[in-house]
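These notes are about the structure you will find just below.
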Amino acid sequence: FVRGFSWPPHDFIFCTQLAPWLCPNQTDVDRPTLFWDVTLPLSTAHHMGEHSTLVALNASILAQDGVWPSAARVDIVVHGGVFRSIWQPVQVWANDSRRVRVGDILHGVYTFFQLPMSDIEYDVVVRAHPAARRTLQKGRERRLKQVRDRGYVGSWSGWVRGDLLGKASQWW
3 FVRGFSWPPH DFIFCTQLAP WLCPNQTDVD RPTLFWDVTL PLSTAHHMGE
53 HSTLVALNAS ILAQDGVWPS AARVDIVVHG GVFRSIWQPV QVWANDSRRV
103 RVGDILHGVY TFFQLPMSDI EYDVVVRAHP AARRTLQKGR ERRLKQVRDR
153 GYVGSWSGWV RGDLLGKASQ WW
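Rendered as structure tokens:
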């Protein structure tokens with residue numbers, strides 16, 4: 003983080019700001035703030051600690067406000083091409099308070115990408131992008147391998163939205 007930076011900000015601001023954990027690293031774009039494959043449970047997430055070491059994401063980070071000013075709901079809009087027309091915004095509600103936390107937002111993203119794809123979604127995506135069929139197959143193979151290797155529950159073998167991400171499933 004930048005020296006002198008504080009979260010939440012103390013000055014009056016005119017727009018909503020994301021918590022630093024949810025944004026790309028503004029001082030070094032080659033060093034992400036958060037290391038997380040959004041197709042895997044949040045328990046696998048890490049952040050960059052002191053001396054460039056990876057540290058497991060802890061409860062104090064997850065409990066921080068996700069946006070400033072704080073809000074009881076955050077809508078995440080998918081801007082990617084055809085997806086904008088078939089996916090509604092992800093609505094993230096505050097879990098146990100009136101404030102959406104970093105953990106609530108990350109959990110909302112994970113949950114969104116775990117949703118099964120409908121036949122209509124599949125057809126729209128494959129028609130718009132024929133190469134997406136191969137990405138989906140590779141994504142599903144990768145997900146099922148992770149399920150087996152890590153012993154995760156929920157080895158549903160159909161298509162899920164996260165399969166469309168292919169190798170681009172890292173949080174950034």
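Following this note's numbering, the numbering of the sequence shown begins with 3 at its first residue and continues without gaps. Glycine included, each C-beta is placed from N, C-alpha and C at the ideal position.
Buried versus exposed call for residue i [16 or more other C-beta atoms within 10 Å across all chains shown]
{"i": "Arg5", "result": "Model confidence at Arg5 stands at a pLDDT of 48, short of 50, so the residue's coordinates are unreliable and nothing is read from them."}
{"i": "Pro33", "result": "It should be noted that the sequence gives Arg, not Pro, for residue 33. By the neighbour-count rule (16 or more Cβ atoms within 10 Å), Arg33 is not buried but exposed."}
{"i": "Leu56", "result": "exposed"}
{"i": "Gly82", "result": "exposed"}
{"i": "Phe3", "result": "Low local confidence applies: a pLDDT of 44 at Phe3 is under 50, so the model's placement there is unreliable, with the coordinate-based value given in what follows. Counting Cβ neighbours within 10 Å, Phe3 comes out exposed, since fewer than 16 surround it."}
{"i": "Ile122", "result": "exposed"}
{"i": "Gly51", "result": "exposed"}
{"i": "Val79", "result": "exposed"}
Expected contact under 8 angstroms - CB spacing of residue i and residue j to nearest Å
{"i": "Val76", "j": "Val94", "result": "5 angstroms"}
{"i": "Val69", "j": "Leu20", "result": "6 angstroms"}
{"i": "Pro22", "j": "Thr35", "result": "6 angstroms"}
Residue(s) in a DSSP beta bridge with residue i
{"i": "Leu20", "result": "Val69"}
{"i": "His49", "result": "Leu36 and Val57"}
{"i": "Pro118", "result": "Val162"}
Residue range of the beta strand (DSSP E) that includes residue i
{"i": "Arg33", "result": "Unbroken run through Arg33: none, as it is neither H nor E."}
{"i": "Ala58", "result": "Leu56 to Ala58"}
{"i": "Val76", "result": "Arg75 to Ile78"}
Can you list the beta strand (DSSP E) stretches of 3 or more residues lying completely in the segment 81 to 111, in chain order?
92 to 95
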